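Everything on this sheet refers to the single structure shown next.
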Amino acid sequence: MARIVLAGYIGCGNLGDDSVMIGVVDGLGVGHEYLVLSGDPDDTFRYYAMHGVPRKNLKEVEAAIKASDALVFPGGSIFQDVTSAKSTVYYTGLIKMAKKHNKRVLLLNQGVGPLNTWIGKNQTRTAMSLADLIVVRDPGSLKTLTDLGVNKKIHVGADSALILREPVREDDGSSYGIGAMKAVALAPRPWKRKGVDIIELFGETSRLLFNAGFVPTLVEMDPFEDGRILEAITKQQGGRIPFLRNLGSSRMVQFRLARMEGVIGMRLHAGILATTVGVPPLMLNYDPKVAAFARQIDIGPALTIEGLTAPRLFEAFMEHHKAKDAHKVVILKKREELREQAMKAIELANHFLK
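Note that the numbering used here has the sequence shown beginning at 42, numbered continuously upward.
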């Protein structure tokens, strides 16, 4: 049994980052002792029954790492500098701390990039040079590291959330809805670009879906980032859009998405978790990672968010929905293929955790 410290953007409200953690824990199994560097250790224990320490309390973090056998990063887009280069500094600092205490560092199904700043590139290069194992989640992340000059063996897996099995449902398997109107999940996120109004785009798309006989349903993947924009979207439509909030855990997201007729995902892990439960997602590309995932599931390219209008998005969804049965056959096959790819990281990690 290995004592494992799990690090990433875990316990910070983002259900996508929590889902990669749970995917890795499911993959590695119960034969290890886990401790999470968490933004909210109480919530991490409440939703996942896993003990944690505050991720920003470096004294406690170092004590946890010192007492461990390995520092494991389960995935997520943590080595990027679009939001801030500070994240690359923080995670590289953790890796340096682990190596100071002669601990193994395993990067599993990691997303890398975009990296635009000198500090982001330099910190990421340093982190990779110190890691004992590097597995990235897609070919784009591999290219980013290759372009940085990382001269180490880099394996390509898939997002760790794809390890999650479809949960057993206790209902009759029917979709959510009102009468004959089936629910369609919408998972937007804040995104500021000139000429792009996310509130208008999703609000008007919701109206068009409702008029076409669907129940548009907003899904909150990150209460701290998404809450305000989802409230603004439903307010724009007179408060008529159902709003799934405070879901708490990635398992709960799976349960909810499993009963949707369709999913429109700007949030990457809304699409990934939809795939784990066999619902073909229509992805909206605001970041290379979303386009990369759409290519992996192979049911059509992600729609570019820039210049996208509500009528165009609605039309794209209707075409996507017409092909739902064919798409489902494809993603059920891709789901298993991608799970196998993601599990490669687990198999490689096991060599270091014996």
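C-beta: ideal position from N, C-alpha, C; glycine also.
In this text, all values refer to a predicted model and were calculated from it rather than measured experimentally.
Rounded C-beta distance between residue i and residue j? I'm assuming under 8 Å.
i      : j      : result
Asn157 : Asp122 : 6 Å
Val46  : Gly117 : Not quite, the Cβ-Cβ distance comes to about 15 Å (not below 8 Å), so this is no contact.
Glu103 : Pro95  : In fact, because the Cβ distance is near 12 Å, the residues do not count as touching under 8 Å.
Thr316 : Ile338 : 6 Å
Ala390 : Val113 : 7 Å
Leu242 : Val260 : So it is not a contact: roughly 16 Å between Cβ atoms.
Arg308 : Ala228 : 4 Å
Asp328 : Leu56  : Wrong, their Cβ atoms sit about 17 Å apart, outside the cutoff.
Asn150 : Asp200 : 6 Å
Ala43  : Ala111 : 6 Å
Gln295 : Leu271 : At roughly 19 Å, the Cβ-Cβ gap does not stay under 8 Å, so Gln295 and Leu271 are not in contact.
DSSP three-state call for residue i: helix, strand or coil?
i      : result
Met301 : coil
Val94  : strand
Leu344 : strand
Arg308 : coil
Val61  : helix
Val102 : helix
Val294 : helix
Val197 : strand
Gly51  : Correcting the residue identity first, residue 51 is Ile in this sequence and not Gly. Correct three-state label for Ile51: coil.
Asp110 : coil
Thr316 : helix
Arg353 : helix
Leu288 : coil
Glu207 : coil
Val66  : helix
Note the first and the last residue of the continuous beta strand (DSSP E) segment covering residue i.
i      : result
Tyr75  : 74-79
Met324 : 322-326
Val46  : 44-47
Please return the same chain residues whose Cβ sits closer than 7 Å to the Cβ of residue i, not counting the five positions on each side in sequence.
i      : result
His362 : Gly303
Arg380 : Leu203, Ile204
Met91  : Tyr75, Val77, Thr85
Met169 : Ile175, Leu186, Val191, Lys193
Arg292 : Pro208
Leu183 : Val177, Ile195, Val197
Tyr88  : Gly289, Ser290
Mind checking which residues open and close the alpha helix (DSSP H) that includes residue i?
i      : result
Arg87  : 82-89
Val370 : 365-393
Arg336 : 329-338
Who are the Cβ neighbours of residue i in its own chain at under 6 Å, not counting the five residues just before and after it?
i      : result
Leu323 : Ile305, Phe358, His361
Ser247 : Pro257, Gln278, Ile282
Leu250 : Val225, Pro257
Ala333 : Asp179, Gly181
Gly93  : Val77, Ser79, Pro82, Thr85
Arg376 : Thr316
Leu135 : Ala48
Between which residues of its own chain and residue i is the CB-CB distance below 8 Å, once the five residues before and five after are set aside?
i      : result
Ala335 : Gly312, Met324, Asn326, Gly341, Pro342, Ala343
Residue ranges of each alpha helix (DSSP H) within the region 112-184, 4 or longer: Whole alpha helix (DSSP H) segments, 4+ residues: 127-141, 159-171.
Beta strand (DSSP E) runs wholly inside the region 214-286, at least 3 long, in chain order: 222-228, 255-260
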